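Visitor: All letters in the sequence shown, in the order written, are residues -23 to -1, 1 to 925 by mature numbering (1 follows the signal peptide of the UniProt record, and there is no 0).
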Amino acid sequence: MKGWLIPLYFLLFSLFFTSCSSALPLPSCPHDQSAALTQFNNSFSVDSLCQSAKTISWKKGTNCCLWDGVKCDNEAGNVITLDLSFSCLIGPLHSNSTLFLLRHLRQLNLAGNHFNMSPIASQFGKLTSLTHLNISESGFEGKIPLAISYLSKLLSLDLSDNHGLIFEGHVFENIMKNLTQLRHLHLSNIDMSSVAPTSFINMSSYITTLILGDNGLQGKFPEDVFHFPYLQKFELFEIDNQLELKFPKTNWSGPLKSLQVSSPYLQQLPDSVGNLRSLEILDLGGGNLKGPIPASLGNLTQLEHLDLSHNNFDGPIPCSVFNFTQLQFLDLSKNKLVGSFPSKVSGLSQLSILRLHHNFLSGRVPSWFFTLPSLVELMLNSNKLNGNFELTKQSELSKLEVLSRSNNALSSFTSASNSNYSLPCLVSLELSSCNISEFPNFVRNLEGLYSLNLSYNRIHVIEADMFLKFKGLEVLDLSHNIPLSVGNNSEGQITEQENNWGSNLLTLDLSNNLLTALEYYPWKSIEVLELGSNLLEGPLLAPPPSTMVFLISNNRLNGEIPSSICNPESSNFIVFLDLSYNNLSGAISKCLGLRHLSILDLQMNKFYGNIPDFCVERNHKLQILNLNNNDFDGSLPKSLANCLGLEVLSLANNKINDTFPHWLGDLPRLQVLVLRSNYFHGQIAHSANESHFSTLQILCLSHNRFSGFLPTTYFRNLKGMMNLASVPMKYIGSNSKYYIYSMVVTMKGVDIMLERVLTIFAAIDMSNNRFEGTIPEAVGNLISLEVLNLSHNHLTGHIPSSLGNLAALESLDLSCNKLVGEIPSELTDLNFLEVLNLSENQLVGPIPQGKQFNTFLNYSYVGNTDLCGFPVSKSCGRSDPPSAIFEEEEFDSAFGLDWKFVMMGCGCGLVFGFSAGYIMMTIRKPKWLAWMIQQAGNRVLRRFKKNR
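(1) For Val593, which option in Gln600, Lys615, Gly611 has the closest C-alpha, if you only look at C-alpha atoms?
(2) Smallest Cα separation from Leu79: which of Asn312, Leu66, Lys48?
(3) Please report the distance separating the alpha-carbon of Leu650 from that of Gln674.
(4) Who does Ile661 pair with in a DSSP beta bridge?
(5) Does the structure place the region 658 to 678 close enough to the region 529 to 539 that three or more beta carbon pairs sit under 8 Å?
(6) Use the C-beta contact count for Tyr656: other C-beta atoms within 10 angstroms, 16 or more gives buried, fewer gives exposed.
(7) Between the C-alpha atoms of Ile529 and Val148, what's the straight-line distance to the nearest angstrom?
(8) Check Asp610 in the structure and name its three-state DSSP category.
(9) Do you know whose CA, among Leu253, Asn289, Ile188, lies nearest Pro269's CA?
(10) Using the Cα positions of Asp201 and Leu134, report the straight-line distance between them to the nearest angstrom.
(11) Return the CA-CA distance between Pro293 and Lys313, expressed in angstroms with no decimal places.
(12) Assuming Ser627 contacts Asn596 (C-beta within less than 8 Å), just tell me the rounded distance between them.
(13) So is Phe447 buried or exposed if we call it buried at 16+ other beta carbons inside 10 Å?
(14) Could I get the ranges of all uninterrupted beta strand (DSSP E) runs contained in the region 746 to 779, with 3 residues as the minimum, in chain order?
(15) Pull up the distance between the alpha-carbon of Met898 and that of Ser852, whole angstroms please.
(16) Starting from the N-terminal side, write out each stretch of the alpha helix (DSSP H) that is 4 residues or longer and does not extend beyond the region 142 to 210.
(17) Pick out whichever of Asn666, Val322, Thr736 has its Cα sitting closest to the Cα of Gly697.
(18) Could you check the C-alpha separation between Gly659 and Arg682 for me, to the nearest Å?
(19) Does DSSP put Gly697 in a helix, in a strand, or in coil?
(20) Just grab the DSSP bridge partners of Glu118 for me.
(21) Measuring alpha carbon to alpha carbon, tell me which residue in Asn365, Leu280, Asn265, Met356 is nearest Leu325.
(22) When the Cα of Val322 is compared with those of Asn808, Gly316, Gln305, Phe346, which residue comes out closest?
(23) With respect to the alpha helix (DSSP H) encompassing Leu15, which residues constitute its N-terminal and C-terminal limits?
(24) Who are the Cβ neighbours of Leu256 in its own chain at under 7 Å, not counting the five residues just before and after it?
(25) Which value, in whole angstroms, describes the spacing of the CA atoms of Val764 and Asn531?
(26) For Pro269, which beta-bridge partners are listed by DSSP?
(27) Is Leu491 helix, strand or coil when you go by DSSP?
(28) Let me know the beta strand (DSSP E) ranges lying completely inside the region 211 to 266, each 3 residues or longer, listed in chain order.
(29) So what's Asn360 in DSSP terms, helix, strand or just coil?
(30) On the three-pair Cβ rule with 8 Å, is the region 164 to 176 touching the region 190 to 199?
(31) Mind checking whether residue 989 and Leu783 have CB atoms under 9 Å apart?
(32) Closest to Ile413 by C-alpha separation, out of Leu107, His437, Gly54, Ile97, would be which residue?
(33) Tell me, which residues are paired with Gln819 by DSSP?
(34) Just to confirm my understanding: we take residue 928, look at its own chain, exclude 5 residues before and 5 after, and list those with CB closer than 6 Å. What are they?
(35) Nearest CA to the CA of Leu222: which residue from Leu621, Gly750, Leu246?
(36) Can you tell me whether DSSP reads Tyr127 as helix, strand or coil?
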């Protein structure tokens, strides 16, 4: 047979069988199963506009085997597959649903629907032919039924992203024992807090995929799971640190292809990871990994995706990392990596994403960076790189879309900066802190730019006409360029002459410059406009109607807020409005209270009159309301009780005349309540509601006219001050990238401005009022409290010994009251106590000695004539000098602080402390303290020599 005839015969042969098979009749769906599907569909409402709704095409009386999402077997026509994922089904899934009549089902996918918090019916256990079950992201809640264990043929089970689901420990164990064929298990975002991690050892030995995340698991996760012989994909993402997780240090091998873990508890990446030679994805970003990156990673020759970002890796980047031939994604950002790049590499030809920003990398950028043929994104910002960054070489990256080289010591530009070339694909360019003094010429050729950041430079002039080329430019940051002028205007003014630039801008930051006047907004589509910290004068000009974020604080604006800022014709609503630190005045328009504001900051102005009604209807929109330092008067509007999303209410230094707003106690998210320096008065009534103010972390009522007893029941309710150890450390208001809340706190007897307030900070200031009676023992339950100020009241009785439980307390001020009795010795257990003021009371007896108490001077006790012992002059009958404050063990514990947190909270105190310490040790006064520190230093020196 001739060779050319062979393909022809195969073609005719295949056509023959295709025609024969197409002539065979399609299986007909049994009537009972068709009716069951129809009735099942009719039990839900379906959004007719939903483009992915599959059941809309179902027609009664037709063969259900042809319906979208339905498959039948070829013999009896039984329905064996039902895929209604993301079909916009809305309504409860009841236990008597006709779905459970489809006993021949092998694959069932109901993911992405809305079953109205239905429980998972135990009738699922009757579908014993199932091999695949996916009910993820469908609004199920309640306990997972034991009946799932009857599905012994299951190969794949996905219950993820049903946040109300609960897996009980014994149920999970039984299901894992019975599902012996299981290959794929996806359980992220369901409650498994009662499941013992050791239960995972009982999973099917055939498991190939295990995905967990935010399950509330506690205890030690078994290392044996990583040794399962068929495991190819493992994912675990935990926000808290309740689950102890470690990778095997030895004998770790297998067919694992994807390893994605993010856990604060995970602290080490062992060398054994280099044995996982099948790995294609290694994503360990967002953990707490420390030490050097293992050189053994070079063994992972199949790696396509490597993410070790947001950890604490240190040391140099192993050279082997730059030799991967299959790698497409490399992210080592936000670590502590040091060293320089190798001069030559043999890999990275497939690399498209390279993120190395926020490290301590140094040296020059080698030429091979500019020869990576597939590079799309290059992030080198926030390192210590130096040398020239030649733009002619940069132009070779023809596919580059994102470039950031900000915050380095790189030379701003070489002579090549005038080259006439372009990066045709570049859409995002960051050149912040590059010591640029004029608008870069090469940037003028980047007509496809979407985002441009030239902040923190020395650019003097921006020619408005140049922006005519950037028709796609939507994000522009020119902040921190002093002095900056626009167009031909050298006086920092924006007038109608500059009306032809930035017409498509959505986000513009011109803050921290020397702009003096703003007569016109040329940005008609702007959504985010930042003009803060300039020298703008005159009346406030309302932003364009499209504006959603308007920040113009720290200027010299005067006059009233224009009524046009509440323009009802706005296509959007202002969400963030910051007019603080100006000279604005007048009454606040009622319309501001009716806007969809999330943040409103009007502090440090001259506004007066009544505070308008906010949240006339109940909503969750308003989060921060800051009206400090104005002349508001009258009473608080009761409508604030409808602001269910309110987190910060700050009204200090006004003339508000009202009683305590107990009705704010029902707000479920209120963290900060500041009412200081107003005319609040009367008693604070006790509350029978145990949830009142339960989320409050900062309470400031100082400098008012409150009277009566301290509110004991409220102190019992303040659960937000009882356990902040598990709260993620960030700044209050940091959920917004545009605004962070700041406040004044009285510490160490002076008002201190906290530019940023940590979410783990807790404080109570009820000073300068007319409170009387005793200090409640319940205050001792607020163990996260850092500042407690009850000074300048009429308090009587003893200092409660329960205050010794306030382990986090740094400042305690009970001065100027009528307290009696002895100072409780339990207060010496407060290892972080930095400031103590008990002056002007009627305390008696010996002053406790030891630990922090030996650092307090006489002013802490002045006015208590019957106190004795160090440091006051009156002796208690003992002539002994103060004992050494720290024994060896005490020295360790007292100084075993987490300095990361200390430095964040005590920067100013640290500077003062070092300065005072230097002076003290130089003049050798006071002698007892100098002697104590010298003894402690000698003890450290002896221990150091001993351990050498």
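We put the beta carbon where it would ideally sit given N, CA and C, even for glycine. Computed from a predicted model, the values in this text were never measured in an experiment.
Guide: Working from what's here:
(1) Residue Lys615 is the option with its Cα nearest to Val593.
(2) The shortest C-alpha separation from Leu79 is found at Lys48.
(3) Those two C-alpha atoms are separated by around 8 Å.
(4) For Ile661, DSSP assigns no beta-bridge partner whatsoever.
(5) No, the region 529 to 539 does not touch the region 658 to 678.
(6) Classification of Tyr656: exposed, given that the 10 Å Cβ count is below 16.
(7) Near 57 Å, if we compare the C-alpha coordinates of Val148 and Ile529.
(8) DSSP places Asp610 in strand when its eight states are reduced to three.
(9) Closest option to Pro269, judged by alpha-carbon separation, among Leu253, Asn289, Ile188: Asn289.
(10) Spanning the two alpha carbons is a distance of roughly 21 Å.
(11) Answer to the nearest angstrom: the Cα atoms are 9 Å apart.
(12) Taking C-beta atoms under 8 Å as the contact rule, Ser627 and Asn596 fail to qualify, at a distance of about 20 Å.
(13) Answer is buried; the Cβ neighbour count reaches 16.
(14) With a minimum length of 3 residues, the continuous beta strand (DSSP E) runs that stay inside the region 746 to 779 are 747 to 750, 764 to 766.
(15) Residue confidence is low: Met898 scores 39 on pLDDT, short of 50, so the model does not pin down where it sits. No coordinate-derived value is stated.
(16) With a minimum length of 4 residues, the continuous alpha helix (DSSP H) runs that stay inside the region 142 to 210 are 146 to 155.
(17) Among Asn666, Val322, Thr736, the Cα nearest to that of Gly697 belongs to Thr736.
(18) One C-alpha to the other measures close to 7 Å.
(19) Judged by DSSP in its simplified three-state form, Gly697 adopts helix.
(20) In the DSSP output, where bridge partners are listed per residue, Glu118 has Gly141.
(21) Checked all of Asn365, Leu280, Asn265, Met356; the closest Cα to Leu325 is Leu280.
(22) Out of Asn808, Gly316, Gln305, Phe346, Phe346 has the C-alpha closest to the C-alpha of Val322.
(23) Checking the displayed sequence, the identity of residue 15 turns out to be Thr instead of Leu. That run of the alpha helix (DSSP H) goes 8 to 19.
(24) Within the same chain, Leu256 has close Cβ partners Leu233, Lys234, Leu236, Leu277, Gln279, Leu280.
(25) Their backbone Cα atoms lie some 29 Å apart in a straight line.
(26) The partner list for Pro269 (beta bridge, DSSP) reads Asp291.
(27) Annotated three-state conformation of Leu491 is coil, per DSSP.
(28) Under the rule that a run must span 3 or more residues, the beta strand (DSSP E) segments found entirely inside the region 211 to 266 read 235 to 239, 258 to 260.
(29) DSSP places Asn360 in coil when its eight states are reduced to three.
(30) At 8 Å Cβ cutoff, the stretches touch.
(31) Residue 989 falls outside the range modelled here, since the chain spans only -23 to 925, and no answer is possible.
(32) Sorting Leu107, His437, Gly54, Ile97 by C-alpha distance to the C-alpha of Ile413 places His437 at the top.
(33) DSSP output for Gln819 lists Val797 as bridge partner(s).
(34) Since the displayed the chain opens at -23 and closes at 925, residue 928 lies outside it and no answer follows.
(35) Comparing Cα-Cα distances from Leu222 to each of Leu621, Gly750, Leu246, the minimum goes to Leu246.
(36) Looking at Tyr127 - three-state DSSP - the assignment turns out to be helix.
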